[in-house]
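Going by this note's numbering, the first residue of the sequence shown is number 31, and it counts up by one from there. These notes concern the structure reproduced below.
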Amino acid sequence: MQSSSSKKILAISGSLRSGSSNHAILRFLGEMAPTSLEYIIYHGLAQLPHFDPDLDNDHPPATVSSLRKLLAEADGIIICTPEYAYGVPGSLKNALDWTVSSGSLNDKSLALVTASTGGQNAHAALLLILGALNANVLKEATLLIPFIRSKMDTKGDIIDTAAKSALIAAFDCLLKAI
Ligand SMILES: Cc1cc2nc3c(=O)[nH]c(=O)nc-3n(C[C@H](O)[C@H](O)[C@H](O)COP(=O)(O)O)c2cc1C
Numbered sequence: 031m032q033s034s035s036s037k038k039i040l041a042i043s044g045s046l047r048s049g050s051s052n053h054a055i056l057r058f059l060g061e062m063a064p065t066s067l068e069y070i071i072y073h074g075l076a077q078l079p080h081f082d083p084d085l086d087n088d089h090p091p092a093t094v095s096s097l098r099k100l101l102a103e104a105d106g107i108i109i110c111t112p113e114y115a116y117g118v119p120g121s122l123k124n125a126l127d128w129t130v131s132s133g134s135l136n137d138k139s140l141a142l143v144t145a146s147t148g149g150q151n152a153h154a155a156l157l158l159i160l161g162a163l164n165a166n167v168l169k170e171a172t173l174l175i176p177f178i179r180s181k182m183d184t185k186g187d188i189i190d191t192a193a194k195s196a197l198i199a200a201f202d203c204l205l206k207a208i
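So this is what it looks like as structure tokens:
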């Protein structure tokens, strides 16, 4: 895997579930990361308030400031998410809404993994949303993994070799971009 010195990646899962396959993917990628890289998994999604334009000012809620700081300090972002009801999970969309005015994703190199049962609707919607946020969504780091649960064992290890290789290739692309 490509080495990268003193760089930071912020990894965001769109699932709040304790046994989440998307969390498991982010943990797996963290294990793949070079030791010189700072790889941070964001755990604040559930603590963000519902997006409210009245609170979206120079002094937003502390959890929002903290998310924006983490995004500002990151050289690259990876979002890994399931699809719910043919859409983007509300908690993830909420977090993204808080980044519109701050421009936190502007030009930020970003890998997008949608790992779900199907996932194509959330994946397509996220590409639109991230385009609106002017993120640098890396084409080769954009991956849709359907039937994710059948590609993992009960411990959350990825047992599907094609999915594993595709994830490593997507992550490597992100590392090269930062
Ligand atoms: C309320 C709910 C709605 C769902 N809707 C969809 C859906 O529209 N499309 C899809 O691909 N999967 C759907 N799923 C299945 C999830 O993608 C699947 O449970 C996935 O493993 C969740 O990701 P996680 O393992 O990271 O928590 C839904 C699951 C739940 C709980």
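Ideal placement from N, C-alpha and C gives every residue a C-beta, glycine not left out.
In this structure, R47 has its beta carbon less than 7 Å from a heavy atom of ligand 1. Taking H73 as reference, the option from A145, C110 and A162 with the minimal CA-CA separation is C110.
L173 sits away from V130, with the two beta carbons spaced by 8 Å or more. By the Cβ rule, the segment 60–78 does not count as touching the segment 139–153, because fewer than three pairs are nearer than 8 Å.
A straight line joining the alpha-carbon of G44 with that of D127 spans about 14 Å.
Beyond the five residues adjoining it in sequence on each side, A171 comes within less than 6 Å, by CB distance, of A141, A200, C203 and L204 in the same chain, given in chain order. Separation of Y69 and S132 (C-alpha to C-alpha, rounded to the nearest whole angstrom) is 22 Å. For K99, no beta strand (DSSP E) segment is defined; the enclosing uninterrupted segment is the alpha helix (DSSP H) at A92 to E103.
By alpha-carbon distance to T147, the top candidate from V94, T65, M62 and A115 is A115.
Linking L158 to P112 through their CA atoms gives a straight-line distance of about 16 Å. Between ligand 1 and E113, a heavy atom-to-CB distance of less than 7 Å is present.
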